[in-house]
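Quick notes on the structure that follows.
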Amino acid sequence: MSEPTRDSSGPGTELPTLVQNQPRERWARVLAAPGSLQGYIGLALVVIAGIATKGTTFLDQGNLTNAVGAFASRGILAIGQTLVILAAGIDLSVGSMLALASMASAMMLARADMPPLLILPLCMVVGAAMGFVNGAGTTWLRIQPFVMTLATLSIFRGIDRHISDNVSVGTEIVTESGELSPHSEQFQLFGTPGRNLFEGVLGAGVYYPVLAFVVVAIVFHLVLTKTRFGRHIYAVGGNETAARLSGVNVAAVRIAVFTLCGMLAGFAGPIDAAYSSQADPQAGQMYELDAIAACVIGGAALQGGRGSMVGTFVGALILTLLDNVLGLNAVSDNMQLIIKGCIVVVAVVLQRPDLISSAVATVRRLVRPAS
Amino acid sequence: MFATKRRLSVAALAVVAGLVTATACASTDEPTGQKETDKDEFVVGYSQSNNAEPYRAQLNIQLEYFVKKYPKLKLMPITDAQQDSGKQVSQVQNFITNNVDVLIVSPNESAPLTPVVDKACEKKIPVIILDRSVNTDCYSSFIGGDNVEAGRKAGELAAKELPDGGNVVVLQGILSNQPQIDRLKGFEEGIKSNPKIKILKKREAKWLKPDATRITSQWLSQKLDIDLVYAENDPMALGAYQAAAAAGKEKDIKFIGTDGLAIPDGGIRAVQQGKLTGTFIYPTGAEEAAKAANDLAAGKTVEKKQVLPIDAVTSDNAAELYKKYDFSGRS
Numbered sequence: 001m002s003e004p005t006r007d008s009s010g011p012g013t014e015l016p017t018l019v020q021n022q023p024r025e026r027w028a029r030v031l032a033a034p035g036s037l038q039g040y041i042g043l044a045l046v047v048i049a050g051i052a053t054k055g056t057t058f059l060d061q062g063n064l065t066n067a068v069g070a071f072a073s074r075g076i077l078a079i080g081q082t083l084v085i086l087a088a089g090i091d092l093s094v095g096s097m098l099a100l101a102s103m104a105s106a107m108m109l110a111r112a113d114m115p116p117l118l119i120l121p122l123c124m125v126v127g128a129a130m131g132f133v134n135g136a137g138t139t140w141l142r143i144q145p146f147v148m149t150l151a152t153l154s155i156f157r158g159i160d161r162h163i164s165d166n167v168s169v170g171t172e173i174v175t176e177s178g179e180l181s182p183h184s185e186q187f188q189l190f191g192t193p194g195r196n197l198f199e200g201v202l203g204a205g206v207y208y209p210v211l212a213f214v215v216v217a218i219v220f221h222l223v224l225t226k227t228r229f230g231r232h233i234y235a236v237g238g239n240e241t242a243a244r245l246s247g248v249n250v251a252a253v254r255i256a257v258f259t260l261c262g263m264l265a266g267f268a269g270p271i272d273a274a275y276s277s278q279a280d281p282q283a284g285q286m287y288e289l290d291a292i293a294a295c296v297i298g299g300a301a302l303q304g305g306r307g308s309m310v311g312t313f314v315g316a317l318i319l320t321l322l323d324n325v326l327g328l329n330a331v332s333d334n335m336q337l338i339i340k341g342c343i344v345v346v347a348v349v350l351q352r353p354d355l356i357s358s359a360v361a362t363v364r365r366l367v368r369p370a371s
Numbered sequence: 372m373f374a375t376k377r378r379l380s381v382a383a384l385a386v387v388a389g390l391v392t393a394t395a396c397a398s399t400d401e402p403t404g405q406k407e408t409d410k411d412e413f414v415v416g417y418s419q420s421n422n423a424e425p426y427r428a429q430l431n432i433q434l435e436y437f438v439k440k441y442p443k444l445k446l447m448p449i450t451d452a453q454q455d456s457g458k459q460v461s462q463v464q465n466f467i468t469n470n471v472d473v474l475i476v477s478p479n480e481s482a483p484l485t486p487v488v489d490k491a492c493e494k495k496i497p498v499i500i501l502d503r504s505v506n507t508d509c510y511s512s513f514i515g516g517d518n519v520e521a522g523r524k525a526g527e528l529a530a531k532e533l534p535d536g537g538n539v540v541v542l543q544g545i546l547s548n549q550p551q552i553d554r555l556k557g558f559e560e561g562i563k564s565n566p567k568i569k570i571l572k573k574r575e576a577k578w579l580k581p582d583a584t585r586i587t588s589q590w591l592s593q594k595l596d597i598d599l600v601y602a603e604n605d606p607m608a609l610g611a612y613q614a615a616a617a618a619g620k621e622k623d624i625k626f627i628g629t630d631g632l633a634i635p636d637g638g639i640r641a642v643q644q645g646k647l648t649g650t651f652i653y654p655t656g657a658e659e660a661a662k663a664a665n666d667l668a669a670g671k672t673v674e675k676k677q678v679l680p681i682d683a684v685t686s687d688n689a690a691e692l693y694k695k696y697d698f699s700g701r702s
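Top to bottom, those sequences are chains C and V. Numbering-wise, my numbering puts 45 at position 45 of the first sequence, and it's gapless, one number per residue. So the number in my numbering is just where the residue sits in the second sequence, counting from 1, plus 371.
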């Protein structure tokens, strides 16, 4: 296997996989791979805050399932976003791609009565096609990812609004007898709170968005850590030139991460449509920011090459549980915005050991003359 | 050099625009007055604040339908300001430049649109203000519903549905929106007749269904004893219903919405299906606006302020009202 040569100028650009054959470091590697320690500390703090203020209400399975389920589509977007960010890109269009996929899914269901098991892969293809456009624009036309996806954010939203004629499309199709049509019934399984899978096996069961989010996270964690493609993503994000010189097809990796990101947005679309039992032309606005925030809180560096899927998963969990804890405590939306923003800043600062040590040094310098 | 070129091209554009306008509305030297009645065609411009809301999409459909009832009226393509007041001002300005015969505006916000409405008025273009107000008197007619009244009727229905009192929660639209403020004010007045009713919680769900689902499931997690949910629009009411259904409590709680759109996932259908106890048709005013546009173009005066009645939708009249307001098959 060709191990890409890596530039080690930035902190943490070494691949976890580089430290192999050293059993004593294995645990350190396992802990490091899932992202930063502060992610777990942050998660623990949020959980403690939840238990301290709302106790059993917070820990109730129904509450946790609802909380994670409401965030799951954004969590899935964050997973795709992580791939792009690791390759030193950014995708601002994920919210629009989700909206377009959700609209497409609802229209396939409502207008064509297609079976959901066909709708889901079709939406993933639609999403992948949109992601490919982003990838092709950034790679072949050499448009900066920020600008390219800013443009497609607008284009995909426009298509979404155009095909729907600005009218939301319901996914609860009622037959003459007043019951949900069979396809609609199945479709609603994708996202409606209270419709659980594995009921009886896992207590009250979990519902599909939660399951989908977890499974997608595991799959892409394995892709990143166990496959050559995963290492190539880190290589391209860490040092593009070095990656190219060591034989990585940088263009293919770039296009692939955007395509996968789009595919995941296409996967999240029907989930989002089922959750609100309608595809809203306005759906998914600002989701891109939540997705990016989850990556950043989870330790991904926007300059690329650093971060992990588990980190993003933890980051998304922090955001969703924080949302829940603040909601249960009836903290106003305005305060929630302030708190979430502060947490992003704290998370980024904590990932900069150099910043912290220089701050400590400054404090020392200030203290020393006095003593 | 560059600047001169640009100035030249701007001038050229202005000339072209002027020519187009002149040909489009020949003989507009006297913009209003009886003399216009002999014109064959009256151009109507409509500036919508945001197409991407089901209510406003419905308004557009209805306006296009009703304008066709008046053969002399010609509706220009409806402009969509996409919730951006700046964009709306420039779109209205374009209509004024094009010398439309009648201008209809649904302001995104009152203050930013006021100067441009004044400008239209100066140019003697009759202006119809649809749905939301502006801070000037210089317009021909205001047409819209009364949000305080819509809220009050919902409050009265809540008071009637809970004769022995009970706990009410309120899902609010965007807190700074005037319809939100008015509907809440009206609702609080409406439930006063029954002092045993208590508002337990109020929260902003931004007019959105997913937000309402999330907030309601949090309330239910907290084991709040909720008897009735008042949502300031139907999507939020249906979101709350969905959360309650997930917790198996949809039969113990009553849901009241507002908007009453005759679309498949709108409030009227939801009342028919028994999901909502009731909703209130907040009128779009499209029919009245088309009539007023025709009258104004013909040089007649119209009532300065038309406040439209709010129809209550109950399980008794839902089917009939759906038929009345369903525009999906009409053209």
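Backbone N, C-alpha and C fix where the C-beta goes; we use that ideal spot for every residue, glycine too. Keep in mind the model is a prediction, meaning the values are calculated, not measured.
Min CB distance residue i to chain V below 8 Å
{"i": "C/Asp113", "result": "no"}
{"i": "C/Pro182", "result": "no"}
{"i": "C/Pro34", "result": "The pLDDT assigned to C/Pro34 is 48, lower than 50, so where the model puts this residue is not dependable; a value taken from the coordinates is nonetheless given after this. No, no contact with chain V."}
{"i": "C/Pro209", "result": "no"}
{"i": "C/Thr192", "result": "yes"}
{"i": "C/Leu366", "result": "no"}
{"i": "C/Leu328", "result": "yes"}
{"i": "C/Pro281", "result": "yes"}
{"i": "C/Ala251", "result": "no"}
{"i": "C/Tyr275", "result": "yes"}
{"i": "C/Gly178", "result": "yes"}
{"i": "C/Ser96", "result": "no"}
Whether residue i touches residue j by CB criterion (8 Å)
{"i": "V/Ile562", "j": "V/Val539", "result": "yes"}
{"i": "V/Phe437", "j": "V/Glu658", "result": "yes"}
{"i": "C/Asp101", "j": "C/Val169", "result": "Looking at the sequence itself, residue 101 of chain C is Ala, so the reference to Asp does not match. No, the pair does not count as a contact, with Cβ atoms beyond the cut-off."}
{"i": "C/Ala104", "j": "C/Gly269", "result": "yes"}
{"i": "C/Asn134", "j": "C/Met114", "result": "no"}
{"i": "V/Ala664", "j": "V/Ile467", "result": "no"}
{"i": "C/Asn108", "j": "C/Met263", "result": "The question names Asn, but residue 108 of chain C is Met in the sequence shown. Going by C-beta atoms, C/Met108 is not nearer than 8 Å to C/Met263."}
{"i": "V/Met607", "j": "V/Leu528", "result": "no"}
{"i": "V/Gly557", "j": "V/Gly536", "result": "no"}
Where residue i sits in the DSSP three-state scheme
{"i": "C/Ile143", "result": "coil"}
{"i": "V/Ser418", "result": "strand"}
{"i": "V/Lys675", "result": "coil"}
{"i": "C/Ala251", "result": "helix"}
{"i": "V/Asp451", "result": "strand"}
{"i": "V/Ile562", "result": "helix"}
{"i": "C/Pro34", "result": "Only weak support exists for where C/Pro34 lies, its pLDDT of 48 falling under 50; the value from the coordinates is given anyway. Coil at C/Pro34, not helix or strand."}
{"i": "V/Phe626", "result": "strand"}
{"i": "V/Lys494", "result": "coil"}
{"i": "V/Gly700", "result": "coil"}
{"i": "C/Val271", "result": "In the sequence as presented, Val is not what sits at residue 271 of chain C; that position holds Ile. Helix, per DSSP."}
{"i": "V/Tyr693", "result": "helix"}
{"i": "C/Gly284", "result": "coil"}
{"i": "V/Val600", "result": "strand"}
In DSSP terms, what residue i is bridged to
{"i": "V/Arg574", "result": "V/Leu542"}
{"i": "C/Tyr207", "result": "C/Asn196"}
{"i": "V/Leu444", "result": "V/Phe413"}
{"i": "V/Phe651", "result": "V/Ala683"}
{"i": "V/Tyr510", "result": "Looking at the DSSP assignment, V/Tyr510 forms no beta bridge with any residue, so it has no partner."}
{"i": "C/Gln278", "result": "C/Gly170"}
{"i": "V/Lys569", "result": "V/Asn538"}
Interface flag, residue i vs chain A, CB-CB below 8 Å
{"i": "C/Asp91", "result": "Of the chains in the structure shown, none is chain A; the protein chains are C and V."}
Whole-angstrom C-beta distance between residue j and residue i, which should lie under 8 Å
{"i": "V/Glu603", "j": "V/Gly544", "result": "5 Å"}
{"i": "C/Arg378", "j": "C/Thr138", "result": "Nothing can be reported for residue 378 of chain C: it is not among the residues displayed for chain C, which extend from 1 to 371."}
{"i": "C/Ile292", "j": "C/Gln144", "result": "Contact flag wrong, Cβ pair sits at about 16 Å."}
{"i": "V/Leu507", "j": "V/Thr485", "result": "Checking the displayed sequence, the identity of residue 507 of chain V turns out to be Thr instead of Leu. Confirmed, Cβ separation roughly 5 Å."}
Residue-level contact to chain C via CB, residue i, 8 Å cutoff
{"i": "V/Glu435", "result": "no"}
{"i": "V/Ile634", "result": "yes"}
{"i": "V/Gln459", "result": "no"}
{"i": "V/Gly536", "result": "no"}
{"i": "V/Glu648", "result": "One detail in the question is off: residue 648 of chain V reads as Thr in this sequence, not Glu. No, V/Thr648 lies away from the interface with chain C (no Cβ there is under 8 Å from its Cβ)."}
{"i": "V/Ile562", "result": "no"}
Any non-hydrogen atom of the ligand ADP closer than 7 Å to residue i Cβ
{"i": "C/Gly69", "result": "In the structure shown, the ligand ADP is absent, as is every other ligand, since no ligand is present at all."}
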